[in-house]
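The structure under discussion appears below in the form of structure tokens.
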Amino acid sequence: KGNGMIGNIYSMGLALQALGATKMFYAPRKWDCAQAFSVVYAHDYQQPTAIAQVLPALVGRSYLDVAGLDCAATKDMSPSRQLLLSPVLGTQGVPRAPIQVHYSITNELQGKHFHYSTSVTVPGGSTLLQVMEVAAEENPQTFSFQTEQTSWGPYVTSIHGLAASTDDRTYWQFLSAGNALEEGVGLYKPHDGEHIQAVFSTY
Numbered sequence: 001k002g003n004g005m006i007g008n009i010y011s012m013g014l015a016l017q018a019l020g021a022t023k024m025f026y027a028p029r030k031w032d033c034a035q036a037f038s039v040v041y042a043h044d045y046q047q048p049t050a051i052a053q054v055l056p057a058l059v060g061r062s063y064l065d066v067a068g069l070d071c072a073a074t075k076d077m078s079p080s081r082q083l084l085l086s087p088v089l090g091t092q093g094v095p096r097a098p099i100q101v102h103y104s105i106t107n108e109l110q111g112k113h114f115h116y117s118t119s120v121t122v123p124g125g126s127t128l129l130q131v132m133e134v135a136a137e138e139n140p141q142t143f144s145f146q147t148e149q150t151s152w153g154p155y156v157t158s159i160h161g162l163a164a165s166t167d168d169r170t171y172w173q174f175l176s177a178g179n180a181l182e183e184g185v186g187l188y189k190p191h192d193g194e195h196i197q198a199v200f201s202t203y
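Take 1 as the starting number for the sequence shown in UniProt numbering and just add one per residue.
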């Protein structure tokens, strides 16, 4: 993409590793490495898997370099070469103003088609998963869902009794203003008045 994004924010780590590891095999081109890195620097990664993929690229390495590491040589590393991590200030206990999120589920793909919508009120800063939980608490017959835990966070496997299937190549896709969300339900934080759509889709 023109803004330095390669795929989406979660494919950036591996993409930068691949480009860095194979740069000697490519002719010079207009691709702007600095622009791609600025995309990574600007994002607040939360998932351990995503962080693990981005960190090697940030220090000019890739997973391919692991085979040649000399762990004994790093035990006496000078403090100036060690990565300093700053604690993140928490906001626990600070009341958050409520927001209203519009949430709809749609299946026009298989079985009995359906479309249901609701509006839920949640504290500001709530994740999409929390929005879905409130919708399911308020109307379990319609908005019940199931998830499974993955290394990328919770993955929605079923909504309204309709389960995703690798055999049928189906899944629940989450959209805002017609665009696919770039974060999972456990990380994405809807804003006040936003309409989130869960659409049963194929890949």
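Just so you know, even glycine gets a beta-carbon here, dropped at the ideal spot from N, CA and C.
Of the candidates Gln17, Gly193, Leu14, Ser201, the residue whose Cα lies closest to the Cα of threonine 118 is Gly193. In its chain, beyond the 5 residues on either side, Ala21 have a beta carbon closer than 7 Å to the beta carbon of leucine 64. Excluding its 5 nearest sequence neighbours in each direction, leucine 109 has C-beta neighbours in its own chain below 6 Å: Phe200, listed in chain order. If you ignore the 5 residues before and after glycine 111, its C-beta comes within less than 8 Å of the C-beta of Leu162, all in its own chain and listed in chain order. When DSSP assignments are scanned along the segment 123-159, the uninterrupted stretches of beta strand (DSSP E) that are 3 or more residues long and fall wholly within it turn out to be 145-150, 153-159. Residue range 195-202 is occupied by the beta strand (DSSP E) that includes valine 199. Taking the Cα of valine 39 as reference, the smallest distance to any Cα among Val54, Ala177, Arg169 is reached at Val54. The beta carbon of leucine 14 lies closer than 6 Å to those of Gln53 in the same chain, with the five residues before and after it left out. A straight line joining the alpha-carbon of aspartate 44 with that of isoleucine 99 spans about 22 Å.
By the Cβ-count criterion, phenylalanine 25 is exposed, with fewer than 16 other Cβ atoms from all chains shown falling within 10 Å of its own Cβ. Within the DSSP secondary-structure output, valine 120 pairs in a beta bridge with Val101.
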